[in-house]
Amino acid sequence: MPPVPPLPDQRTAPAAWFRPPIRWGIGDFFVVFFVGIVVATFVGAATISIAGWDAGDLTDPEKLLLNGVSGIGQFAGFAAIAALVLRLKGHGVVRDLGLFADRNLGMIALSLVAGFASSIGFGILVLPISHLADGERQELVDQIDNGSGVGLLLLVLTAGVLAPLLEEILFRGLLLRSLLRRMPAGAALLVSAAVFGVVHLIDPKSFPALPALIGVGLVCGWLAIRTGGLARPIAFHMGFNLFTVIVSIAS
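In case it helps, the working numbering puts the sequence shown at residues 637 to 887.
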(Lines of atoms letter the chains of each structure in order from A and count residues from 1; the text may use other names and numbers.)
(Lines give C-alpha, C1' and ligand atoms only; values in the text may rest on other atoms or scores of the structure.)
Protein backbone atom coordinates (compact mmCIF):
# COMPACT_ATOMS: atom_id res chain seq x y z
CA MET A 1 0.00 0.00 0.00
CA PRO A 2 1.48 3.38 -0.97
CA PRO A 3 2.14 5.79 1.89
CA VAL A 4 -0.59 8.30 2.68
CA PRO A 5 0.58 11.79 1.65
CA PRO A 6 0.87 14.27 4.49
CA LEU A 7 -1.76 16.98 4.92
CA PRO A 8 -0.75 20.33 3.40
CA ASP A 9 0.69 22.97 5.70
CA GLN A 10 -2.09 25.50 6.41
CA ARG A 11 0.52 28.24 6.73
CA THR A 12 1.59 27.97 3.07
CA ALA A 13 -1.13 26.04 1.16
CA PRO A 14 -3.89 27.91 -0.75
CA ALA A 15 -6.89 28.62 1.45
CA ALA A 16 -9.17 26.88 -1.10
CA TRP A 17 -7.62 23.52 -0.13
CA PHE A 18 -9.27 23.75 3.28
CA ARG A 19 -12.69 25.03 2.25
CA PRO A 20 -15.56 22.54 2.35
CA PRO A 21 -17.24 22.00 -1.05
CA ILE A 22 -20.26 24.11 -2.01
CA ARG A 23 -23.48 22.18 -1.31
CA TRP A 24 -26.18 24.66 -2.33
CA GLY A 25 -27.93 24.10 -5.63
CA ILE A 26 -31.03 24.58 -7.77
CA GLY A 27 -33.38 23.40 -5.02
CA ASP A 28 -32.10 26.12 -2.74
CA PHE A 29 -32.89 28.73 -5.39
CA PHE A 30 -36.55 27.62 -5.38
CA VAL A 31 -36.62 27.62 -1.57
CA VAL A 32 -35.32 31.20 -1.44
CA PHE A 33 -37.77 32.32 -4.13
CA PHE A 34 -40.73 30.63 -2.40
CA VAL A 35 -39.87 32.09 1.00
CA GLY A 36 -39.69 35.57 -0.53
CA ILE A 37 -43.19 35.18 -1.97
CA VAL A 38 -44.52 33.89 1.36
CA VAL A 39 -42.97 36.80 3.25
CA ALA A 40 -44.43 39.29 0.75
CA THR A 41 -47.89 37.73 1.16
CA PHE A 42 -47.64 37.81 4.96
CA VAL A 43 -46.41 41.42 5.03
CA GLY A 44 -49.19 42.44 2.63
CA ALA A 45 -51.88 40.77 4.76
CA ALA A 46 -50.46 42.28 7.94
CA THR A 47 -50.38 45.76 6.35
CA ILE A 48 -54.04 45.51 5.30
CA SER A 49 -55.03 44.33 8.78
CA ILE A 50 -53.04 46.99 10.66
CA ALA A 51 -54.21 49.80 8.36
CA GLY A 52 -57.84 48.63 8.54
CA TRP A 53 -58.26 48.60 4.75
CA ASP A 54 -60.94 46.70 2.85
CA ALA A 55 -58.95 44.05 0.95
CA GLY A 56 -61.69 43.76 -1.68
CA ASP A 57 -61.92 47.47 -2.40
CA LEU A 58 -58.48 49.07 -2.14
CA THR A 59 -58.02 52.59 -3.45
CA ASP A 60 -55.12 53.33 -5.86
CA PRO A 61 -52.98 55.00 -3.14
CA GLU A 62 -53.60 52.01 -0.87
CA LYS A 63 -52.59 49.56 -3.63
CA LEU A 64 -49.45 51.59 -4.29
CA LEU A 65 -48.41 51.63 -0.63
CA LEU A 66 -49.33 47.97 -0.17
CA ASN A 67 -47.21 46.83 -3.13
CA GLY A 68 -44.28 48.94 -1.98
CA VAL A 69 -44.35 47.46 1.53
CA SER A 70 -44.91 43.92 0.21
CA GLY A 71 -42.04 44.34 -2.24
CA ILE A 72 -39.66 45.35 0.54
CA GLY A 73 -40.82 42.32 2.54
CA GLN A 74 -40.28 40.01 -0.43
CA PHE A 75 -36.73 41.20 -1.07
CA ALA A 76 -35.92 41.12 2.65
CA GLY A 77 -37.04 37.47 2.62
CA PHE A 78 -34.85 36.78 -0.44
CA ALA A 79 -31.84 38.39 1.23
CA ALA A 80 -32.21 36.68 4.61
CA ILE A 81 -32.76 33.13 3.31
CA ALA A 82 -30.13 33.43 0.55
CA ALA A 83 -27.56 34.60 3.11
CA LEU A 84 -28.50 31.74 5.44
CA VAL A 85 -28.33 29.08 2.70
CA LEU A 86 -24.99 30.32 1.39
CA ARG A 87 -23.55 30.42 4.90
CA LEU A 88 -24.77 26.93 5.86
CA LYS A 89 -24.01 25.22 2.53
CA GLY A 90 -21.15 27.31 1.17
CA HIS A 91 -18.80 30.10 2.12
CA GLY A 92 -21.16 33.10 2.19
CA VAL A 93 -22.71 35.56 -0.27
CA VAL A 94 -19.56 37.53 -1.07
CA ARG A 95 -17.25 34.58 -1.69
CA ASP A 96 -19.68 32.15 -3.38
CA LEU A 97 -21.32 34.70 -5.68
CA GLY A 98 -18.34 36.93 -6.39
CA LEU A 99 -20.39 39.92 -5.29
CA PHE A 100 -17.41 42.31 -5.30
CA ALA A 101 -15.12 40.38 -7.64
CA ASP A 102 -15.40 43.04 -10.35
CA ARG A 103 -13.95 46.40 -9.24
CA ASN A 104 -13.70 48.07 -12.64
CA LEU A 105 -15.81 51.13 -11.83
CA GLY A 106 -15.68 52.42 -15.40
CA MET A 107 -17.16 49.22 -16.83
CA ILE A 108 -19.73 49.06 -14.05
CA ALA A 109 -20.85 52.62 -14.91
CA LEU A 110 -20.93 51.68 -18.60
CA SER A 111 -23.15 48.70 -17.73
CA LEU A 112 -25.57 51.09 -16.01
CA VAL A 113 -25.73 53.26 -19.13
CA ALA A 114 -26.15 50.14 -21.31
CA GLY A 115 -29.09 49.14 -19.11
CA PHE A 116 -30.72 52.51 -19.79
CA ALA A 117 -30.19 52.09 -23.53
CA SER A 118 -31.44 48.49 -23.53
CA SER A 119 -34.71 49.61 -21.96
CA ILE A 120 -35.35 51.65 -25.10
CA GLY A 121 -34.24 48.85 -27.44
CA PHE A 122 -36.22 46.12 -25.71
CA GLY A 123 -39.21 48.47 -25.50
CA ILE A 124 -39.19 48.82 -29.29
CA LEU A 125 -38.79 45.04 -29.62
CA VAL A 126 -41.96 44.28 -27.67
CA LEU A 127 -44.12 46.99 -29.28
CA PRO A 128 -45.83 44.52 -31.68
CA ILE A 129 -46.69 42.17 -28.83
CA SER A 130 -47.90 45.06 -26.68
CA HIS A 131 -50.08 46.23 -29.58
CA LEU A 132 -51.65 42.77 -29.88
CA ALA A 133 -52.30 42.84 -26.14
CA ASP A 134 -54.11 46.20 -26.48
CA GLY A 135 -51.26 48.10 -24.87
CA GLU A 136 -51.48 46.12 -21.63
CA ARG A 137 -48.63 47.02 -19.24
CA GLN A 138 -47.17 45.50 -16.11
CA GLU A 139 -49.23 46.37 -13.05
CA LEU A 140 -46.12 47.86 -11.41
CA VAL A 141 -45.63 50.28 -14.33
CA ASP A 142 -49.27 51.41 -14.11
CA GLN A 143 -48.95 52.00 -10.38
CA ILE A 144 -45.78 54.06 -10.77
CA ASP A 145 -47.42 56.00 -13.59
CA ASN A 146 -50.41 56.91 -11.42
CA GLY A 147 -48.72 57.06 -8.02
CA SER A 148 -47.50 59.76 -5.66
CA GLY A 149 -46.25 60.26 -2.12
CA VAL A 150 -44.77 57.61 0.15
CA GLY A 151 -46.22 54.75 -1.88
CA LEU A 152 -44.47 55.96 -5.03
CA LEU A 153 -41.20 56.41 -3.15
CA LEU A 154 -41.37 52.81 -1.87
CA LEU A 155 -42.11 51.44 -5.35
CA VAL A 156 -39.23 53.41 -6.87
CA LEU A 157 -36.96 52.02 -4.15
CA THR A 158 -38.08 48.41 -4.71
CA ALA A 159 -38.18 48.53 -8.52
CA GLY A 160 -35.11 50.69 -9.11
CA VAL A 161 -32.73 49.53 -6.37
CA LEU A 162 -33.80 46.46 -4.39
CA ALA A 163 -35.11 44.42 -7.33
CA PRO A 164 -31.88 44.67 -9.39
CA LEU A 165 -29.71 43.87 -6.37
CA LEU A 166 -31.69 40.96 -4.94
CA GLU A 167 -32.86 39.48 -8.26
CA GLU A 168 -29.27 39.35 -9.52
CA ILE A 169 -28.18 37.59 -6.33
CA LEU A 170 -31.06 35.16 -6.80
CA PHE A 171 -31.02 34.52 -10.57
CA ARG A 172 -27.43 35.21 -11.66
CA GLY A 173 -26.01 34.19 -8.31
CA LEU A 174 -27.83 31.19 -6.87
CA LEU A 175 -29.56 29.86 -10.00
CA LEU A 176 -26.99 30.51 -12.74
CA ARG A 177 -24.05 29.30 -10.68
CA SER A 178 -25.96 26.16 -9.72
CA LEU A 179 -26.70 25.49 -13.39
CA LEU A 180 -23.08 26.12 -14.40
CA ARG A 181 -22.02 23.24 -12.15
CA ARG A 182 -24.35 20.90 -14.05
CA MET A 183 -24.39 21.95 -17.71
CA PRO A 184 -22.43 23.95 -20.34
CA ALA A 185 -22.36 27.73 -19.97
CA GLY A 186 -24.61 28.36 -23.00
CA ALA A 187 -27.35 26.06 -21.73
CA ALA A 188 -27.09 27.47 -18.20
CA LEU A 189 -27.41 30.99 -19.58
CA LEU A 190 -30.54 30.15 -21.60
CA VAL A 191 -32.25 28.27 -18.76
CA SER A 192 -31.58 30.98 -16.16
CA ALA A 193 -32.81 33.73 -18.51
CA ALA A 194 -35.98 31.79 -19.34
CA VAL A 195 -36.73 31.20 -15.64
CA PHE A 196 -36.12 34.89 -14.93
CA GLY A 197 -38.63 35.89 -17.59
CA VAL A 198 -41.27 33.29 -16.73
CA VAL A 199 -41.40 34.04 -12.98
CA HIS A 200 -42.42 37.61 -13.81
CA LEU A 201 -45.64 36.15 -15.21
CA ILE A 202 -46.87 36.04 -11.62
CA ASP A 203 -48.29 39.33 -12.89
CA PRO A 204 -50.13 38.13 -16.07
CA LYS A 205 -49.89 41.66 -17.50
CA SER A 206 -46.14 41.09 -17.82
CA PHE A 207 -46.66 38.75 -20.79
CA PRO A 208 -46.06 41.41 -23.51
CA ALA A 209 -42.75 42.26 -21.81
CA LEU A 210 -41.61 38.61 -21.65
CA PRO A 211 -39.11 38.86 -24.57
CA ALA A 212 -37.56 41.96 -23.00
CA LEU A 213 -37.31 40.27 -19.60
CA ILE A 214 -35.63 37.21 -21.12
CA GLY A 215 -33.30 39.56 -23.01
CA VAL A 216 -32.32 41.27 -19.76
CA GLY A 217 -31.72 37.84 -18.24
CA LEU A 218 -29.45 36.86 -21.15
CA VAL A 219 -27.38 40.04 -20.96
CA CYS A 220 -27.05 39.93 -17.17
CA GLY A 221 -26.17 36.23 -17.29
CA TRP A 222 -23.52 36.83 -19.95
CA LEU A 223 -22.01 39.64 -17.87
CA ALA A 224 -21.99 37.42 -14.77
CA ILE A 225 -20.23 34.58 -16.62
CA ARG A 226 -17.75 36.88 -18.35
CA THR A 227 -16.72 38.83 -15.23
CA GLY A 228 -17.18 36.18 -12.54
CA GLY A 229 -19.07 38.70 -10.40
CA LEU A 230 -22.43 40.41 -10.04
CA ALA A 231 -21.50 44.10 -10.07
CA ARG A 232 -22.03 44.63 -13.81
CA PRO A 233 -25.24 42.57 -13.99
CA ILE A 234 -26.64 44.55 -11.05
CA ALA A 235 -25.69 47.86 -12.72
CA PHE A 236 -27.21 46.80 -16.07
CA HIS A 237 -30.42 45.59 -14.40
CA MET A 238 -30.59 48.78 -12.34
CA GLY A 239 -30.23 50.95 -15.45
CA PHE A 240 -32.97 48.99 -17.23
CA ASN A 241 -35.39 49.31 -14.30
CA LEU A 242 -34.59 52.94 -13.48
CA PHE A 243 -35.22 54.05 -17.07
CA THR A 244 -38.66 52.40 -16.96
CA VAL A 245 -39.39 54.04 -13.59
CA ILE A 246 -38.25 57.49 -14.77
CA VAL A 247 -40.30 57.30 -17.99
CA SER A 248 -43.38 56.14 -16.05
CA ILE A 249 -43.09 59.02 -13.57
CA ALA A 250 -42.44 61.61 -16.27
CA SER A 251 -45.28 60.50 -18.57
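Note that beta-carbon positions come from the ideal geometry of N, C-alpha and C, so glycine has one too.
Being a predicted model, the structure only gives us computed values, none of them experimental.
According to the neighbour-count rule (16 or more other Cβ atoms, all chains shown, within 10 Å of its Cβ), is residue i buried or exposed?
| i | result |
| --- | --- |
| Asp-696 | exposed |
| Asp-732 | buried |
| Ser-754 | buried |
| Phe-736 | exposed |
Which same chain residues end up closer than 6 Å to residue i when comparing Cβ atoms and leaving out the 5 residues on each side of it in sequence?
| i | result |
| --- | --- |
| Ile-756 | none |
| Leu-854 | Ala-829 |
| Gly-751 | Phe-872, Gly-875 and Phe-876 |
Can you name, in chain order, every residue of its own chain whose Cβ lies under 8 Å from the Cβ of residue i, other than the five neighbours on each side?
| i | result |
| --- | --- |
| Leu-675 | The sequence as given places Val at residue 675; Leu does not occur at that position. Contacts found: Gly-709, Gln-710, Ala-712 and Gly-713. |
| Gly-707 | Ala-676, Leu-790, Leu-791, Thr-794, Ala-795, Leu-798 and Ala-799 |
| Leu-816 | Ala-824 and Ile-861 |
Using a Cβ-Cβ cut-off of 7 Å (strictly less than) and excluding sequence neighbours within five positions of residue i, which residues of its own chain qualify?
| i | result |
| --- | --- |
| Met-743 | Arg-868 |
| Val-881 | Ile-780, Val-792, Ala-795 and Gly-796 |
| Leu-768 | Note that Leu-768 has pLDDT 44, beneath the 50 cutoff, so the model's placement of it is unreliable and no number is given. |
| Val-671 | Gly-713 and Ile-717 |
Specify the secondary structure class of residue i as computed by DSSP and reduced to three states.
| i | result |
| --- | --- |
| Phe-736 | coil |
| Ala-691 | coil |
| Leu-854 | helix |
| Leu-866 | coil |
| Gly-728 | coil |
Are there three or more Cβ pairs, one per stretch, closer than 8 Å when the stretch 707-725 is compared with the stretch 655-670? The stretch 707-725, when compared against the stretch 655-670, does touch it at the 8 Å Cβ threshold.
Sequence ranges, beta strand (DSSP E) only - wholly within the stretch 784-837, length at least 3: For secondary structure counted as the beta strand (DSSP E) over 3 or more consecutive residues, the stretch 784-837 holds no complete run.
Any contact of the stretch 807-825 with the stretch 845-862, i.e. 3+ C-beta pairs under 8 Å? Contact between the stretch 807-825 and the stretch 845-862 is present, because at least three Cβ pairs lie under 8 Å.
Return the chain-ordered ranges of every alpha helix (DSSP H) run that is complete within the stretch 655-706 and spans a minimum of 4 residues. If we require 4 residues or more, the alpha helix (DSSP H) runs fully inside the stretch 655-706 come out as 662-687.
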